[in-house]
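Engineer: Got a structure for you, questions after.
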Amino acid sequence: MAHEWRLETRESRLVVGEDVDYEDRSWLGAAALTFRLPVGFRAEGAFEMDLRDVIRGDGQVPLAQSLDYHNTRLRLEIGWEFGTRFRAEAGYRIDLDGDNYSHGDWFDGAHGAFIVHW
888 MAHEWRLETR
898 ESRLVVGEDV
908 DYEDRSWLGA
918 AALTFRLPVG
928 FRAEGAFEMD
938 LRDVIRGDGQ
948 VPLAQSLDYH
958 NTRLRLEIGW
968 EFGTRFRAEA
978 GYRIDLDGDN
988 YSHGDWFDGA
998 HGAFIVHW
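Here the working numbering is used: the first residue of the sequence shown is 888, the next is one more, and so on.
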């Protein structure tokens, strides 16, 4: 869990610039439950969140997308450990908040990997 405050205050002494008084705050966190065997099946489920609110100065910082959003997701991963040197895993993220940045109703991303240790 992390709490982050981002402040930005700019005062321009030139005629052309604008004064900016902006602040956003966010809470970032994750809770995970993991099952791993030394060799064989492994699984992980996690709840992840990024809760961001603009406290003051909304619209003063030019951006393509809003910084004021709440993003929550459920991450599921499964894999197989092949001895001590090889591992394969795949994962899927489920969007829980229904934001505009998801790719459909529930899909929020997926990944796969083949990992070699030496």
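Every residue gets a Cβ at the ideal spot worked out from N, C-alpha and C, and that includes glycine.
Bear in mind the structure is a predicted one, so any value in this text is a computation, not a measurement.
At 3 residues or longer, what runs of the beta strand (DSSP E) sit wholly inside the stretch 954-998?
Structural biologist: 956-969 and 973-982
Engineer: Report the three-state DSSP secondary structure of R914 (helix, strand or coil).
Structural biologist: A small fix is needed here, since residue 914 is Trp in this sequence, not Arg. Residue state, collapsed to three classes: strand.
Engineer: When you compare only the Cα positions, how much space is there between R974 and H998?
Structural biologist: 14 Å
Engineer: Does D992 pass the burial test, meaning 16 or more other C-beta atoms within 10 Å, or should it be called exposed?
Structural biologist: The residue is exposed, with fewer than 16 neighbouring Cβ atoms inside 10 Å.
Engineer: Indicate the three-state DSSP secondary structure (helix, strand or coil) for L920 in the structure shown.
Structural biologist: strand
Engineer: Tell me whether V941 sits in a helix, a strand or coil according to DSSP, three-state version.
Structural biologist: strand
Engineer: Is it the case that the Cβ atoms of H1004 and R960 are separated by a distance below 8 Å?
Structural biologist: Not in contact: H1004 and R960 (Cβ atoms no closer than 8 Å).
Engineer: May I ask you to report which of helix, strand or coil DSSP gives V926?
Structural biologist: coil
Engineer: Thinking C-alpha only, which one of R923, D940 and A930 is nearest R912?
Structural biologist: D940
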